[in-house]
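The block underneath contains the structure these notes are about, expressed in structure tokens.
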Amino acid sequence: MSKRLAEMMKERTLLSFEVFPPKTDKGLDKLEECLEHLYAFRPDYVSCTYGAGGTNVGKNMDVCKMIRKADNDTVPVTHFTCIGNTKEEIKEKLQNYLDNGIDHMLAVRGDLPEGWSGTGGDFSYATDLVSYVRKEFGDKFEIAVAGSPEGHIACRTLEADIAHLKQKQDEGADYIMTQLTFDMEQFKYWLDAIRSAGITMPVDVGVMPVLNRESVINMCLSRNGCAIPRKLAEVISHHWFDVDENGNKRQDVLDAFREEGIEYTVDQILQYMALGVDGIHLYALNTWKNSTEILNKAGIRSVV
């Protein structure tokens with residue numbers, strides 16, 4: 033196996049990025065250019081999602097192979113979902129990843145496609161997926177699992193969600209990648225709560241940049257059920273009137289939102305660092321300029 037990220041987190045705070053698989057070859061070329069810029073920050077790993085509902089797996093493999101072949105020490109981490117996957121399909125797909133030198137994964141249930149009431153596969157929960165991977169592949173994979181500081185939207189209570197996270201640890205998961213949250217007080221509460229529950233896995237924090245009003249509101253409310261805390265609500269309110277009398281978007285307002293949003297993101301990263309989290313996992317959104325500005329302003333592995 034390549035580097036054990038969970039072991040590295042015991043020594044220092046890691047830095048990593050998340051990207052998504054483009055739908056076209058042109059998009060893949062643009063992502064390769066983006067990654068070349070992000071490598072300047074010496075990321076410990078880059079994770080790549082599936083498409084919605086576990087689609088676009090082929091491009092996911094292409095991205096992971098691209099990361100692995102880069103001339104640096106960056107580790108590719110593939111997301112892997114339960115959506116539409118039977119046990120045999122999971123075994124075959126994961127063996128293919130191993131055959132291509134990709135031995136790090138994030139095991140998740142995955143977002144259900146619209147109209148679905150279940151995963152359409154043999155496993156309904158990430159816990160079952162973690163257990164199966166350990167049974168079939170032993171320690172050939174390092175396995176990350178998702179953690180939800182505000183509780184998964186499908187879970188009845190935060191306490192129940194934490195109990196499920198403890199199960200993932202018991203089944204052999206190695207570390208936690210958190211889902212997005214903008215509420216630092218809730219994150220602090222959750223971090224204390226999981227430690228009290230006996231969860232000792234390192235915590236790698238997912239950070240979603242605040243760049244666009246509609247995107248922030250959509251990300252909080254469409255799938256995640258995340259709170260918009262007062263400070264973020266103020267950022268949104270400061271730049272609410274972004275349309276002129278002709279119905280056209282006002283670029284000055286959009287730019288001002290982005291500027292204040294980046295400051296919000298930088299402040300959030302610095303608060304996470306002060307808490308002593310084990311990793312910062314920045315959602316790059318397949319672009320590099322925003323991530324570059326954020327990390328330079330935060331003073332993390334600055335390249336400018």
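Remember, the numbering used here sits 32 above the position in the sequence shown when you count from 1. The beta-carbon is built from N, C-alpha and C at its ideal position, and this holds for glycine as well. Please read these numbers as outputs of a predicted model, since none were measured by experiment.
Phenylalanine 289: first and last residue of the uninterrupted alpha helix (DSSP H) it sits in: 283-307
Contact under 8 Å by Cβ, asparagine 23 with threonine 110: Coverage of the chain is limited to positions 33 through 336, which leaves residue 23 absent and any answer about it impossible.
Secondary structure of tyrosine 315, DSSP reduced to three states: strand
Threonine 118: first and last residue of the uninterrupted alpha helix (DSSP H) it sits in: Neither: threonine 118 is in no alpha helix (DSSP H) and is coded neither H nor E.
4-residue-minimum alpha helix (DSSP H) runs that sit fully inside the region 148-233, ordered along the chain: 158-169, 190-202 and 216-228
Span separating the alpha-carbon of threonine 232 from that of methionine 209: 13 Å
Exposure label - arginine 74; buried when at least 16 CB within 10 Å: exposed
Alpha-carbon spacing of alanine 306 relative to alanine 205, whole angstroms: 26 Å
Aspartate 274 and leucine 286 closer than 8 Å at C-beta: yes
Cβ contact check for the region 262-282 and the region 303-319: 3 or more pairs under 8 Å: no
Rounded straight-line distance, which links the Cα of alanine 265 to that of valine 336: Residue confidence is low: valine 336 scores 44 on pLDDT, short of 50, so the model does not pin down where it sits. No coordinate-derived value is stated.
Cβ-Cβ separation, proline 241 to aspartate 343 (assumed contact under 8 Å), whole Å: The structure shown does not extend to residue 343, since the chain is modelled only from 33 to 336, so the question has no answer here.
Phenylalanine 169 beta carbon less than 8 Å from that of leucine 126: yes
Where lysine 55 falls, given that 16 or more other Cβ within 10 Å makes a residue buried: exposed
Tyrosine 77 - DSSP class collapsed to helix/strand/coil: strand
Option in Ala102, Ala139, Thr118 and Ala259 with minimal Cα separation from aspartate 215: Ala259
For leucine 47, the three-state DSSP class (helix, strand or coil): strand
Where valine 95 falls: helix, strand or coil (DSSP): helix
Proximal residues to methionine 201 (C-beta, below 6 Å), its chain only, five neighbours per side dropped: In the sequence as displayed, the identity of residue 201 is glutamine instead of methionine. Only Ile231 and Met233 meet the Cβ criterion.
One or two residues paired with alanine 139 in a DSSP bridge: Phe112 and Val177
Assigned exposure category for glycine 183 - 16 Cβ within 10 Å defines buried: buried
Best match in Leu60, Asp160, Asp236 and Leu223 for proximity to threonine 45 [C-alpha to C-alpha]: Asp236
Secondary structure of aspartate 236, DSSP reduced to three states: strand
Touching by the beta-carbon criterion (3+ pairs, under 8 Å), the region 288-297 and the region 243-251: yes
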